[in-house]
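First to last, the protein sequences are chains A and B.
Take numbering that gives the first Met the number 0: the last position of the first sequence gets the number 277, and nothing is skipped along the way.
Take numbering that gives the first Met the number 0: the last position of the second sequence gets the number 306, and nothing is skipped along the way.
Beneath this line is the structure, given in structure tokens, with notes to follow.
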Amino acid sequence: MLTTKEEKIFRNIAYILLICGVAITLVPFIYMISASFKSQIYTFEYPPRLIPRDPTLVNYIKALGKDLFGINLLNSFFVATVTTVSTVFISSLMAYAFSRMRFPGKEVFFYILLLGMMIPPVMLIIPQFIIVKNLHLLDNLWGLIVVYISVTLSMQTFLLRSFFETIPRELEEAVLVDGGTRWDIFRKIILPLSKPGLAVVAIFTFLYAWDEFPWAHVAIREGSRRTLPVAIALFQSQYLTQWGLLFAATTVASIPAVIVFVIFQRYFIQGVITSGLK
Amino acid sequence: MEVKNKILDKSFLKKILSSKGAYLLLLPGMGFFFTFILFPLIYSFRMSFYKWNIVDIGASNFVGFSNYVRVINDPIFIRATLNTIVYTLMTVPGQILFALVVAILLNQKIKGRTFFRVAYYIPVITSWVVVTFLFEYFFGSQAGLVNFILRDMLHLVDKKIMWLTDPILVMIPLILLGIWKGIGWSAIILLAALQSIPLDLYEAATIDGAGIWHKITKITLPLIRPTLVFLVVVLVIGGFNVYISGLLMTKGGKPLDLSHFILTLMYKKTFTYLDFGYGSATSYLLAAFIFVVSVIEIKLLRRKVEY
């Protein structure tokens, strides 16, 4: 694409720029981790030091031992896991119907569902609050789960449908000829062949449920039912300048998301590209 | 052979046409969707025309458009709208520009591409709550790195700037955060678009003696135009929906409700003052605004690719 000499210079510039960019991207996280190992007095040290003086684990011990932090962590795991499993199941059923079956009203249902991709979730918080209150699910982890499933459903169904469409139909005809049912097709052909698609859906849903703040902030008041993002936000307003403690908590909260992402990044990027998901 | 195919087609068709099964598959998903998305959407529309009584819903009064009139004439809402527009106007070009640079660089034959991709994406997957506190620490705390760089390293200012307590200055960390957190996502989308451009176009340009800048402006940009349009539309929607960072960094619009975004104002009016009518009207105004802006963007930007 470029002449050799030009190419060489350009590539070297590319490396330098990319490394500078990565530094700007990652420095905040490095500072976060660094501050989480500083004892309280050193978090105010000016100029701010990147390498902590006398690194200490005291913030982690304090944060994890903090009355509810452990419970909040478990709540987050519970909500994210149940949401993920349910969404993968429900959206794959819907995607199958939309990609393989013909039924009256299919188009209408599909467009209504697409509407869900265009509505900003925060806009629905007020009526959702009233509905969930009437279902007696406020201050309840299930109140989070049902809304999370609903919010992610449109996107995930849309994504899975496009994965299912890439599977050749000849395979299914073979199953039908052998006397198999639709359920056999779904279980033995569609699901195994769309593993990357299912992985994408699972990762996105997990990260969404893990990071979600606005709805959890409104729907949960009771400290012991909070998920991590809300717990951390309120934690900060309570211990305003205890940066070490706060960053120990945010580091712990970020680790699962980063691990999930790094392991599955190949699928993840494929998913971003197919669907434009955030 | 032909006969066999026909029979096969028929039985296949019959199974397809038995639509009871399809509805059964849609039932759980549509149940969730109607209960928690579609019904709330309609419910909220209705609320926006009522003086909503949260204790006794039956006692709510129909007030026509007065909630909307109240919102539009509220100076706090106007200020919040201006803040939101400024935020969007700064973050959308910022994200696209930096993402484009990153994507073009990543599209070269370089080593460690996976590492770079992962690294640039980390801010995207981190919770808004976490990254907002990070930026507060850099801009606001006593040991804030930003003031250190500006004052003690570059000597650009002679005293520490109070970034977080001034309603105008606080927009700067919020905007920088918005750009920083979004670059990775846009870069991945752009990288995919770049990879679909055939290499021989560049080779032909090289033979014609075109330089890098020429290649980017004459080949790359026109060819990825549809992706750029998509990004502008999606990022503008995201910009108007800015919420968590504002809520946490300004502690809910402080000082004096001057630093609100539209959604943080909606949150405060609804859940602090329990003015549900005002809140619903605000979200519908926002949705209408987003819709109109998106349509205009698509109309303006989506011209046919010419070459």
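Note that beta-carbon positions come from the ideal geometry of N, C-alpha and C, so glycine has one too.
Backbone CA spacing between residue i and residue j [nearest angstrom]
i: Gly69 of chain A; j: Tyr59 of chain A; result: 12 Å
i: Leu114 of chain A; j: Phe132 of chain B; result: 33 Å
i: Ala142 of chain B; j: Leu245 of chain A; result: 15 Å
i: Ser126 of chain B; j: Arg265 of chain A; result: 21 Å
i: Ile15 of chain A; j: Ile211 of chain B; result: 17 Å
i: Leu112 of chain A; j: His154 of chain B; result: 55 Å
i: Pro75 of chain A; j: Arg225 of chain A; result: Note that residue 75 of chain A is Ser in the sequence shown, not Pro. If you take the alpha carbons of Ser75 of chain A and Arg225 of chain A, they lie about 8 Å apart.
i: Trp209 of chain A; j: Val130 of chain B; result: 14 Å
i: Ala203 of chain B; j: Leu17 of chain A; result: 27 Å
i: Gly243 of chain A; j: Gln237 of chain A; result: 14 Å
i: Phe9 of chain A; j: Leu198 of chain B; result: 17 Å
i: Asn11 of chain A; j: Thr113 of chain B; result: 18 Å
i: Leu173 of chain B; j: Leu247 of chain B; result: 10 Å
i: Phe163 of chain A; j: Ile189 of chain A; result: 7 Å
i: Ala247 of chain A; j: Leu56 of chain A; result: 9 Å
Given residue i as reference, the closest of the options once Cα atoms are compared
i: Phe43 of chain A; options: B:Ser65, B:Ile121, B:Phe137; result: B:Phe137
i: Phe32 of chain B; options: A:Gly179, A:Ile29, A:Thr156, A:Thr226; result: A:Thr156
i: Tyr147 of chain A; options: A:Gln235, A:Ala34, A:Tyr45, A:Phe77; result: A:Phe77
i: Ala232 of chain A; options: A:Thr249, A:Leu92, A:Arg99, A:Glu171; result: A:Thr249
i: Val84 of chain A; options: A:Ile111, A:Arg220, A:Ile144, A:Arg181; result: A:Ile144
i: Cys19 of chain A; options: B:Ala280, B:Thr263, B:Ile167, B:Phe97; result: B:Phe97
i: Ile218 of chain B; options: B:Ala192, B:Tyr277, B:Pro27; result: B:Ala192
i: Asp53 of chain A; options: A:Leu63, A:Tyr45, A:Ala34; result: A:Ala34
i: Thr226 of chain B; options: B:Ser185, B:Asp256, B:Leu246, B:Val91; result: B:Ser185
i: Val200 of chain A; options: A:Thr226, A:Ala256, A:Leu152; result: A:Leu152
i: Gly63 of chain B; options: B:Tyr49, B:Lys158, B:Asp73; result: B:Tyr49
i: Glu221 of chain A; options: A:Ile202, A:Thr204, A:Leu140, A:Pro47; result: A:Leu140
i: Gly196 of chain A; options: A:Ser38, A:Ile166, A:Met116; result: A:Ile166
i: Glu171 of chain A; options: A:Ile184, A:Ala218, A:Asp138, A:Glu164; result: A:Ile184
i: Gly251 of chain B; options: B:Leu163, B:Tyr283, B:Ile223, B:Ile174; result: B:Leu163
i: Val68 of chain B; options: B:Val235, B:Ser43, B:Leu299, B:Thr281; result: B:Thr281
i: Val26 of chain A; options: B:Thr216, B:Gly245, B:Phe134; result: B:Phe134
i: Val131 of chain A; options: A:Gly142, A:Leu175, A:Phe28, A:Ala230; result: A:Gly142
i: Leu49 of chain A; options: A:Ile29, A:Phe163, A:Ser38; result: A:Ile29
i: Ile95 of chain B; options: B:Gly139, B:Val228, B:Val85; result: B:Val228
i: Ser101 of chain A; options: B:Phe115, B:Gly57, B:Leu25; result: It should be pointed out that residue 101 of chain A corresponds to Arg in this sequence rather than to Ser. Checking every option, the nearest Cα to that of Arg101 of chain A belongs to B:Leu25.
i: Arg99 of chain A; options: A:Ala215, A:Leu159, A:Lys37; result: A:Leu159
i: Met46 of chain B; options: B:Asp274, B:Ala209, B:Ala286, B:Lys253; result: B:Asp274
i: Val91 of chain B; options: B:Asn240, B:Val241, B:Ser65, B:Leu234; result: B:Leu234
Local Cβ density within 10 Å of residue i, reported as buried at 16 or more and exposed below that
i: Val294 of chain B; result: exposed
i: Gln127 of chain A; result: buried
i: Trp76 of chain B; result: Per the sequence presented here, residue 76 of chain B reads as Phe, with Trp not at that position. By the neighbour-count rule (16 or more Cβ atoms within 10 Å), Phe76 of chain B is buried.
i: Val304 of chain B; result: The predicted position of Val304 of chain B is uncertain, since its pLDDT is 45 and thus under 50; no value can be drawn from it.
i: Ser223 of chain A; result: exposed
i: Lys194 of chain A; result: exposed
i: His135 of chain A; result: exposed
i: Asp177 of chain A; result: exposed
i: Tyr110 of chain A; result: exposed
i: Trp191 of chain A; result: Checking the sequence shown, residue 191 of chain A turns out to be Pro, not Trp. Result: exposed.
i: Trp182 of chain A; result: exposed
i: Lys4 of chain A; result: exposed
i: Pro46 of chain A; result: exposed
i: Ile254 of chain A; result: exposed
i: Ala346 of chain A; result: There is simply no residue 346 of chain A to check, as chain A begins at 0 and stops at 277 in what is shown.
i: Ser90 of chain A; result: buried
i: Leu206 of chain A; result: buried
i: Tyr283 of chain B; result: buried
i: Gln194 of chain B; result: exposed
i: His213 of chain B; result: exposed
i: Met152 of chain B; result: exposed
i: Met117 of chain A; result: exposed
i: Met93 of chain A; result: buried
i: Arg116 of chain B; result: buried
Three-state class that DSSP yields for residue i in the structure shown
i: Tyr41 of chain A; result: helix
i: Phe61 of chain B; result: strand
i: Tyr49 of chain B; result: strand
i: Pro213 of chain A; result: helix
i: Val130 of chain B; result: helix
i: Ile297 of chain B; result: helix
i: Met0 of chain B; result: Residue placement at Met0 of chain B is poorly supported in this model, since its pLDDT is 44, which falls under 50; the coordinates still yield a value, given next. Met0 of chain B falls in the coil class under three-state DSSP.
i: Tyr201 of chain B; result: helix
i: Tyr86 of chain B; result: helix
i: His135 of chain A; result: coil
i: Arg150 of chain B; result: helix
Checklist entry - Taking Cβ-Cβ distances below 7 Å as the criterion, which residues of the region 78–106 of chain A are in contact with chain B? => result Ile89, Ser90, Leu92, Met93, Tyr95, Ala96, Met100, Arg101, Phe102, Pro103
Item to check | Selection of the region 17–42 of chain B by Cβ proximity to chain A, strictly under 8 Å | outcome: Ser18, Gly20, Ala21, Tyr22, Leu24, Leu25, Pro27, Gly28, Met29, Phe31, Phe32, Thr34, Phe35, Ile36, Leu37, Phe38, Pro39, Leu40, Tyr42
Next on the checklist: Can you pull out the residues from the region 73–103 of chain B whose beta carbon lies closer than 9 Å to at least one beta carbon of chain A?
Outcome noted: Phe97, Val100, Val101, Ile103
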